[in-house]
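Undergrad: Structure incoming, see below.
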């Protein structure tokens, strides 16, 4: 193996000498051509060297750009956690604001529901007896008619004690009924002489009366009743006609 290496080395050293020797032995024109060929080869090798250096420089530029990009990415990676935390904080703040708004809306709805429930309960207490009270109005009307049917001169006369006692009993019953009505917010209304109000009065006729102002109640056929400021039954009245 050492002998092979020695032979190869010897051949590589002797090759230039052989070339020069052969060139020296060539005739002048052949030697000139060989020299020109050698110069061209050297020039091509010289031109190839800058090209290789340029290619190496171009190959190095992407490496430099890659290293700069890597540095930028590392720097961004160092900042990213802070940016991510700030974004998360902003997101949580928005969620908190939304939840706070939802809570306020829910509280407002609950408060409105409580108010509506309280109003419903109040209305139920006030007007729950409306139908029953309206049915009793006929009883009150009949008691009033019975008392009004007794002549005034006999109401306090001892000549007719039975009729007097009957009148007193009817008026006492009527008064007790009105007192009971009042405990539940029911009030009898006698609008005689008042201005006609279609919300509380039911006009059944009109008649001229020069002694009274037109549009006023001149006659009450049946009194009206108001339950907690709500008209339970309009009074049946006659109204003064306009001239």
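In the UniProt record's numbering, the protein residues as written are 1 to 243. C-beta atoms are modelled at their ideal positions from N, C-alpha and C, and glycine is treated no differently.
If I follow the unbroken alpha helix (DSSP H) through residue 168, where does it start and stop?
TA: Here the alpha helix (DSSP H) through residue 168 covers 161-183.
Undergrad: Using the DSSP secondary-structure output, state which residues sit across from residue 187 in a beta bridge.
TA: The partner list for residue 187 (beta bridge, DSSP) reads 226.
Undergrad: If distances are taken between C-alpha atoms only, which option among 104, 93, 122, 133 comes closest to residue 180?
TA: Of 104, 93, 122, 133, the residue nearest in Cα terms is 133.
Undergrad: Whether or not the region 186-197 and the region 170-177 are in contact is what I'm after, with contact meaning three or more pairs of Cβ atoms, one per stretch, closer than 8 Å; do they touch?
TA: No, the region 170-177 does not touch the region 186-197.
Undergrad: By alpha-carbon positions, which one of 184, 162, 142 ends up nearest to residue 124?
TA: Ranking the options by Cα distance to residue 124, first place goes to 184.
Undergrad: Counting Cβ pairs closer than 8 Å, one from the region 163-173 and one from the region 104-119, do we hit at least three?
TA: The answer is no - the region 104-119 does not touch the region 163-173, with fewer than three Cβ pairs under 8 Å.
Undergrad: Report the three-state DSSP secondary structure of residue 141 (helix, strand or coil).
TA: It is helical.
Undergrad: Over the uninterrupted beta strand (DSSP E) stretch that includes residue 206, give me the two end residues.
TA: Its beta strand (DSSP E) spans residues 201-207.
Undergrad: For residue 150, does the three-state DSSP call read helix, strand or coil?
TA: Correct three-state label for residue 150: coil.
Undergrad: Can you look up residue 236 in the DSSP assignment and give me helix, strand or coil?
TA: The answer is strand: DSSP assigns residue 236 an E or B state.
Undergrad: Roughly how many angstroms separate the alpha carbons of residue 232 and residue 204, rounded to a whole number?
TA: Whole-angstrom Cα-Cα distance: 18 Å.
Undergrad: Taking C-beta to C-beta, are residue 214 and residue 240 nearer than 9 Å?
TA: Yes, the pair counts as a contact, with Cβ atoms nearer than the cut-off.
Undergrad: Compare the C-alpha of residue 220 against each of 227, 111, 145 and name the closest.
TA: The candidate whose alpha carbon is nearest that of residue 220 is 145.
Undergrad: Whole-angstrom Cβ separation of residue 190 and residue 151, contact assumed at under 8 Å?
TA: Wrong, their Cβ atoms sit about 21 Å apart, outside the cutoff.
Undergrad: Would you report the Cα separation of residue 210 and residue 109, rounded to the nearest angstrom?
TA: Rounded to whole angstroms, residue 210 to residue 109 spans 59 Å at the Cα level.
Undergrad: Alpha carbon to alpha carbon, how far is residue 216 from residue 131?
TA: Computed Cα separation, rounded: 30 Å.
Undergrad: Inspect the beta-carbon positions of residue 212 and residue 182 and report whether they are closer than 9 Å.
TA: No, the Cβ-Cβ distance between residue 212 and residue 182 is not below 9 Å.
Undergrad: Any idea which residues DSSP pairs residue 195 with across the strands?
TA: BP columns for residue 195 point to 216.
Undergrad: Hey, residue 154 and residue 164 are a contact pair by Cβ (cut 8 Å); roughly how many whole angstroms apart?
TA: Yes, residue 154 and residue 164 are in contact; Cβ-Cβ is about 7 Å, under 8 Å.
Undergrad: Got a sec? Which residues, its chain only, sit under 8 Å from residue 226 by beta carbon, not counting five neighbours each side?
TA: Around residue 226: 186, 187, 189, 200, 232.
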